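**Student:** After the structure tokens below, expect a handful of questions from me.
Numbering (the numbering used here), first residue to last: 4 to 70.
Spelled out as structure tokens, the structure:
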């Protein structure tokens with residue numbers, strides 16, 4: 004599986020979930036996140052078992068904006 008640095012990517016059954024993992028920075032969006040998000044979508048599209056993609060964040064903030 005690909006190495007993600009700012010998020011996790013997991014598949015459970017027919018559902019994938021990407022989780023932003025920068026709670027110390029309010030899950031603020033970095034320059035790497037859009038590329039990792041695009042890669043997660045690409046992985047899900049290539050997997051015939053995936054039917055749903057979900058997005059989440061660690062900590063109390065879902066996204067604080069660009070850092």
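From the three backbone atoms N, C-alpha and C, an ideal C-beta is built for every residue, glycine too.
The structure presented is a predicted model; accordingly, all values stated were derived computationally and were not measured.
1. Helix, strand or coil for residue 65, going by three-state DSSP, please let me know.
2. Suppose you measure from the CA of residue 56 to the CA of residue 18; what does that come to, to the nearest Å?
3. For residue 52 and residue 28, what's the separation of their Cα atoms in angstroms?
4. In angstroms with no decimal places, state the Cα-to-Cα distance between residue 24 and residue 60.
5. If I follow the unbroken beta strand (DSSP E) through residue 44, where does it start and stop?
**Tutor:** In this structure, then:
1. In the three-state reduction of the DSSP assignment, residue 65 falls in the coil class, being assigned neither a helical nor a strand state.
2. Residue 56 and residue 18: Cα-Cα distance of roughly 6 angstroms.
3. So the alpha carbons of these two residues sit roughly 33 angstroms apart.
4. Cα-Cα distance, rounded: 6 angstroms.
5. Counting along the chain, residue 44 falls outside any beta strand (DSSP E), though it belongs to the alpha helix (DSSP H) covering 36 to 49.
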